[in-house]
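**Q** These protein sequence lines map, in sequence, to chains W and P.
All letters in the first sequence, in the order written, are residues 764 to 1092 by this note's numbering.
All letters in the second sequence, in the order written, are residues 37 to 331 by this note's numbering.
Ideal Cβ positions, reconstructed from N, Cα and C, are used throughout, including at glycine.
Since the model is a prediction, treat every value here as computed from it, not as a measurement.
First, the structure itself, so that you have it in front of you.
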Amino acid sequence: MRTGSSITAPPTPAAATPSSEPEVRVVRASSQQGKLGLSGYAAHLRWLVAHTPLVLSLARTQLKLTVSRSRLYYLWWMLDPVLDTACYAVLFALIRASTNAGADTVPTVAFLLAGIVPWRMNMACWGAAGNTWLSHRAILEQVRFPHLVLLLARFLSEAWLYAVALGVLMTACVLFGVTPSWTWLLLPGWVLVHGLVVLAFMPLFAIGAAFSLDFLKLLPYLLRLMFFFSPILYSLIPMVPAWARPWMYANPMAMLMETYRGLLFSGYERAPAVLNEAGEVVVEAAVWGLPSAGAVAIYVGAMAAVLLTTSYWFIKLQPTMSRNVSRMY
Amino acid sequence: MSQAPPPNAASSSKPPPPVVRAEGVGVCFRVANPQAAGRGIAGRWLKPRQPFWALRDVSFEVPHGSMFFIIGRNGAGKTTLLRVLAETLEPDAGTLSFTGKVTAFLSMGLGFNPELTGKDNLEMALTLMGVDRATFPERRAEIDDFTKLGPFLDMPIKTYSAGMRARLGFAIATSVEPEVLIMDEVINAGDEQFREAARKRLQTMLGKARAIIVATHGLRQVTDQGHAAMWIEAGRVQACGKTEEVVTTYRRFVKAVRNDPFYDARARAARFAGESPPIPANLSATPLDPVVPVD
């Protein structure tokens, strides 16, 4: 019997044949292969699921690597945003600028930490997505597997560290005088949404790096720009003119960060999202500084659509990226 | 020469099908031709990239139960071909067919991370090769027995010598009893003792595997161990068949071009033009037989 295969598509499982004739697997040139349809996409995802042990093993390895290079081990994951916060806190104190809406109600350090710690997760995952090819070149050249495995493994290892950091963040908030509220119970749900946002854009950065080394050079600056254009060090209410606030939500980070603060700090004045402004589409329920359920649903739907699109293109471009990587890196 | 017959070649009237069959395989990269591109940034931007056939019209068959060697100079296309066989590089032309699961060992270790211990790297590599985690202790013991690394397995790979890395990498790659094993010049990395042990291990494996494909510069190993060989030059198959004949032709070619300082430039230009390399006429007489004859 003969079965077809390509780098994008998983190997077709061998059918049980009563005859002694061995199974023949055929690999055709890219030009002879069909387009990647929905069934091909689904088959690739099944192939990905079959590689779950590899994802977990790579994630474990990544965590071990995190601790193998320093004496402070995992602590660096938390020290990083803490030191960042310290720098920005000093900077803001020096220029005497009241940059956050919660200045009256939210302690500055807690306010900054609530932005910088979640952003650390984005930066770590997106930066790593761009560097995927460089750090796994040897594996990519020798073993045939769905390359999404590499992104998922990195995401899992960073998510594990983020979960720990989030616990530390909440403790820090209490230490700095933030009163815990029932909205903290909603945090795990919002962390899942955060994970979806991070995952949705990881393939995009990996694709960019596989097609241009210049993109890889540009990536840190791109992430820094995103950092400053997102309400991480500031809040939308005093910093952005009222007419422009709804449009700031075109940046997915705005919804993410504003909602984190809405959940962490009771009485936080959160700028309403553009969809809430429309009124007819969703009902505004920003009673506790939180977005309405409709706004969250639309946000999650949009991010899921981004994830589907980016992962589809990542799978479709896997052979081309594989070839580019062997030439470029 | 002690060219052994394939150990598990079928003795029945109907020979088993070839383990690997390549028909007209080609791999093309679009690269800037260093001879055509202008100087500096402007040259890089203005000159269009040209197709460069790393492999062109490569056709061959690897018989069941054989140790198949691929020889050729640096840059001939050996590693590219191995990557195509490992299915990590998709061909632009042609078709490949396999009867058996392919395991590739193309570099010193399967993506070894120098910061991690030998044990961690070993487990990572076994997972990559799809080995069940439950069998790890058994495999680890077997690998330890072959490599004799002992307590070094608990130390970071960065503290290993090149020979120790080679031993570990080879032991891992050959611990899974692959159906088709593909290797790239890894046996020649260690000392004589390791090479001897590796040779023995490969011979033992050949009794169980369907085929072993090795790219190498070690011509003595080819004639000693190989059942068939293929010589690649400038991405094209120049000779394929019995090891002794292929190696002899290749040696004559190397001798002929050694004193020709312009051969490489001519070969590169021919490759960019999509033409055959300028092999001396008296060498290209070796018939290209797509079906490798095995004694």
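In the DSSP assignment, find the unbroken alpha helix (DSSP H) run with Met165/P in it and report its ends.
**A** Neither: Met165/P is in no alpha helix (DSSP H) and is coded neither H nor E.
**Q** By how many angstroms is the C-alpha of Thr942/W removed from the C-alpha of Leu976/W?
**A** In a straight line, the C-alpha of Leu976/W is about 47 Å away from that of Thr942/W.
**Q** Report the residue ranges of all alpha helix (DSSP H) runs contained in full by the region 930-1008 of chain W; include only those spanning at least 4 residues, in chain order.
**A** Here the runs fully enclosed are 950-974, 976-992 and 999-1002.
**Q** Given this structure, state the Cα-to-Cα distance separating Gly1057/W from Gly1064/W, to the nearest angstrom.
**A** Going from the Cα of Gly1057/W to the Cα of Gly1064/W covers about 10 Å.
**Q** What does Asn149/P reach in chain W if we use C-beta pairs closer than 8 Å?
**A** By Cβ distance, chain W contributes Thr824 and Leu828.
**Q** Report yes if the CB atom of Val845/W is closer than 8 Å to the CB atom of Phe939/W, and no otherwise.
**A** No, Cβ-Cβ distance for Val845/W and Phe939/W is not below 8 Å.
**Q** Between the region 1067-1084 of chain W and the region 127-145 of chain P, can you find at least three pairs of beta-carbon atoms closer than 8 Å?
**A** They do not touch, by the three-pair rule.
**Q** Between Phe141/P and Ile218/P, which are expected to be in contact by the criterion C-beta below 8 Å, what is the C-beta distance as a whole number of angstroms?
**A** The Cβ separation is near 7 Å, so the contact holds.
**Q** Does Asn110/P pass the burial test, meaning 16 or more other C-beta atoms within 10 Å, or should it be called exposed?
**A** By the 10 Å Cβ count, Asn110/P comes out exposed.
**Q** At a cut of 8 Å, does the region 901-913 of chain W reach the region 944-951 of chain W through at least three beta carbon pairs?
**A** Touching, no.
**Q** Pair every Cβ in the region 132-139 of chain P with every Cβ in the region 884-897 of chain W, then say whether three or more of these pairs are closer than 8 Å.
**A** No, the region 132-139 of chain P is not in contact with the region 884-897 of chain W.
**Q** If you follow the beta strand (DSSP E) that Ile902/W is in, where does it begin and where does it stop?
**A** Premise fails: Ile902/W lies in the alpha helix (DSSP H), Arg900 to Gln905, not in any beta strand (DSSP E).
**Q** Name the residue from Gly878/W, Arg823/W and Trp840/W whose alpha carbon lies nearest to the alpha carbon of Gly1025/W.
**A** Nearest of Gly878/W, Arg823/W and Trp840/W to Gly1025/W, Cα basis: Gly878/W.
**Q** Is it buried or exposed for Leu117/P, if we count other Cβ within 10 angstroms and need 16 for buried?
**A** Result: buried.
**Q** Apply the 10 Å Cβ neighbour rule to Cys276/P and answer buried if 16 or more other Cβ atoms are within range, or exposed otherwise.
**A** Cys276/P comes out buried.
**Q** Skipping 5 residues on each side, what residues in its chain have a beta carbon closer than 7 Å to that of Gly958/W?
**A** So the qualifying residues of the chain are Ala922.
**Q** Under 8 Å, do Ala247/P and Gly101/P count as touching if we go by C-beta distance?
**A** Contact flag set, yes.
**Q** Assign Tyr984/W to buried or exposed, taking buried as 16 or more other Cβ atoms, counted over all protein chains shown, within 10 Å of its Cβ.
**A** So Tyr984/W ends up on the exposed side.
**Q** Reducing DSSP to helix, strand and coil, say where Asp227/P ends up.
**A** Looking at Asp227/P - three-state DSSP - the assignment turns out to be coil, as it is neither helix nor strand.
**Q** Less than 8 Å between CB atoms is the rule here; does Arg176/P satisfy it with respect to chain W?
**A** Not one chain W Cβ lies under 8 Å of Arg176/P.
**Q** Taking the alpha-carbon positions, what's the Pro294/P to Ile179/P distance?
**A** Note that residue 294/P corresponds to Arg in the displayed sequence, not to Pro. Their backbone Cα atoms lie some 42 Å apart in a straight line.
**Q** May I ask you to report which of helix, strand or coil DSSP gives Leu152/P?
**A** Coil at Leu152/P, not helix or strand.
**Q** Using beta-carbon positions only, say whether Glu1021/W and Leu999/W come within less than 8 Å of one another.
**A** In this structure, Leu999/W lies closer than 8 Å to Glu1021/W by Cβ.
**Q** Can you tell me whether Asp156/P is buried or exposed? The criterion is at least 16 other CB atoms within 10 Å of its CB, across all chains shown.
**A** Classification of Asp156/P: buried, given that the 10 Å Cβ count is 16 or more.
**Q** Indicate the three-state DSSP secondary structure (helix, strand or coil) for Val55/P in the structure shown.
**A** Val55/P: coil per DSSP, three-state reduction.
**Q** Can you check whether the C-beta of Ala969/W is within less than 8 Å of a C-beta belonging to chain P?
**A** Not closer than 8 Å to any Cβ of chain P, the Cβ of Ala969/W fails to qualify, so no.
**Q** For chain P, find out if any of its Cβ atoms is closer than 8 Å to the Cβ of Pro909/W; answer yes or no.
**A** So no, Pro909/W is outside the interface.
**Q** Compute the beta-carbon to beta-carbon distance between Val98/P and Pro54/P, rounded to the nearest angstrom, for a pair I have assumed lies under 8 Å.
**A** With a Cβ gap of about 6 Å, Val98/P and Pro54/P count as contacting.
**Q** What's the C-alpha gap between Leu929/W and Arg272/P?
**A** Approximately 58 Å between the Cα atoms of the pair.
**Q** Note down the Cα distance separating Tyr286/P from Leu158/P, rounded to an integer number of angstroms.
**A** Cα-Cα distance, rounded: 37 Å.
**Q** For Trp840/W versus Ser833/W, is the C-beta spacing smaller than 8 Å?
**A** No. Outside cutoff.
**Q** For Glu228/P, is the classification buried or exposed, using 16 other Cβ atoms within 10 angstroms of its Cβ as the cut-off for buried?
**A** Exposed, since its Cβ has fewer than 16 Cβ neighbours within 10 Å.
**Q** List, in chain order, every chain P residue whose beta-carbon is nearer than 7 Å to that of Ile902/W.
**A** The contacting residues are Leu146, Gly147 and Leu164.
**Q** Buried or exposed for Pro297/P, going by 16 or more other Cβ atoms inside 10 Å?
**A** Exposed: under 16 other Cβ atoms inside 10 Å.
**Q** So, for Glu311/P: in the same chain, excluding its five sequence neighbours on each side, which residues have a beta-carbon less than 7 Å away from its beta-carbon?
**A** Answer for Glu311/P: no residue qualifies.
**Q** Exposed or buried, what is His263/P when buried is set at 16 or more other beta-carbons lying within 10 Å of its beta-carbon?
**A** Buried, since its Cβ has 16 or more Cβ neighbours within 10 Å.
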